[in-house]
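**Q** If you read the sequence shown in the UniProt record's numbering, its first letter stands for residue 1, the second for the next number, and so on. A virtual CB, placed ideally from N, CA and C, is assigned to each residue, including glycine. Shown below is the structure under consideration.
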Amino acid sequence: MLDEKLQSIQGLLASEIIQHFYLKGVDDEHYDMLGLHREECRSFLQEAKESGKKILLHCLGGHNRSALIVAAAMIVLERTPVLDVVRHIKSKRGIILTNLSFQRQVCELAAEEGLLGGIIPCGYSTEKVEYLYNRSSGWELVRIADEEKALESRL
């Protein structure tokens, strides 16, 4: 039934020179949205960008699935650092990315693309810390400077 409705919608939109793309994603803490749908979304959005088309991207609530796909597109297609991406989307939509696994996916993608940005914890300098990503254990903060000196500088 859903497939028939989608085909009907796609047919109507195509007659108006609007390309429609449907993605069945789940707003769930354990759903790997980018892992499962990254390439098909990138392909569709890249084609729209290259042809100069405008894009309307939506989901039911408008703050998790669609925000994740928009963030991924801005990171990959526009080469925008993750903090700038989140600020921009938040300025347009308000509350976004409340799904923690979607937040992690955005950060993982930004790290893979070299667009994580200069996120330095308060009290540390760039000489003292660097971020490393490990797929099995997640984010790890690694102190480069001597532990005692790093601790002393924070006190």
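With distances taken from CA atoms, which of Arg93, Leu115, Thr80 is nearest Ala67?
**A** To locate residue 67, count along the sequence shown from 1; it is residue 67. Per the Cα distances, Arg93.
**Q** Going by Cα to Cα distance, which pick from Leu115, Gly25, Tyr31, Glu4 is closest to Thr80?
**A** Looking up residue 80 in the sequence shown gives position 80. The option with the nearest alpha carbon to Thr80 is Leu115.
**Q** Alpha helix (DSSP H) containing Gln103: first to last residue?
**A** As a working note, residue 103 is residue 103 in the sequence shown. Gln103 -> alpha helix (DSSP H) spans 100–112.
**Q** From Ala48 to Ala110, what distance separates their C-alpha atoms?
**A** Residue mapping note: residue 48 aligns to position 48 of the sequence shown, counting from 1. Residue mapping note: residue 110 aligns to position 110 of the sequence shown, counting from 1. About 22 Å.
**Q** Let me make sure I understand the geometry here. Which of Cys59, Ser91, Gly117 has the alpha-carbon closest to that of Met33?
**A** Taking the sequence shown and counting its residues from 1, the one referred to as residue 33 is at position 33. Per the Cα distances, Cys59.
**Q** Taking 8 Å as the threshold (C-beta atoms), are Glu29 and Leu100 in contact?
**A** The sequence position of residue 100 within the sequence shown is 100, counting from 1. The sequence position of residue 29 within the sequence shown is 29, counting from 1. Closer than 8 Å, so yes.
**Q** Using only the alpha-carbon positions, how far apart do Leu57 and His88 sit?
**A** Counting from one through the sequence shown, the residue named residue 57 turns up at place 57. Counting from one through the sequence shown, the residue named residue 88 turns up at place 88. Each residue's alpha carbon lies about 15 Å from the other.
**Q** What is the DSSP secondary structure of Arg92, counted as helix, strand or coil?
**A** The residue you call residue 92 lines up with position 92 of the sequence shown. According to the sequence shown, residue 92 is Lys rather than Arg. Correct three-state label for Lys92: helix.
**Q** Considering only their Cβ atoms, is the gap separating Cys41 from Ala72 smaller than 8 Å?
**A** Looking up residue 72 in the sequence shown gives position 72. Looking up residue 41 in the sequence shown gives position 41. Yes, Cβ-Cβ distance for Ala72 and Cys41 is below 8 Å.
**Q** Take the Cβ of Val26 as the centre, count every other Cβ of all protein chains shown within 10 Å, and call the residue buried at 16 or more, exposed below.
**A** If you number the sequence shown from 1, residue 26 lands on position 26. Under this definition Val26 is an exposed residue.
**Q** Would you identify the three-state DSSP class for Ile69, choosing helix, strand or coil?
**A** The count along the sequence shown starts at 1 and reaches residue 69 at position 69. In this structure, Ile69 counts as helix in the three-state DSSP scheme.
**Q** Ile53 lies in the alpha helix (DSSP H); which residues open and close that run?
**A** In the sequence shown, the residue the question calls residue 53 occupies position 53. As written in the sequence, residue 53 is Lys, which differs from the Ile given in the question. Taken as a continuous stretch (DSSP letters only), Lys53 belongs to no alpha helix (DSSP H), as it is neither H nor E.
**Q** How is Arg42 classed by DSSP in three states: helix, strand or coil?
**A** Indexing the sequence shown from 1 puts residue 42 at position 42. It is helical.
**Q** Once you ignore the five residues that flank Phe21 on each side, which residues in its own chain have a CB closer than 7 Å to its CB?
**A** For the purposes of this step, residue 21 is identified with residue 21 of the sequence shown, where counting begins at 1. Hits under 7 Å: Phe44.
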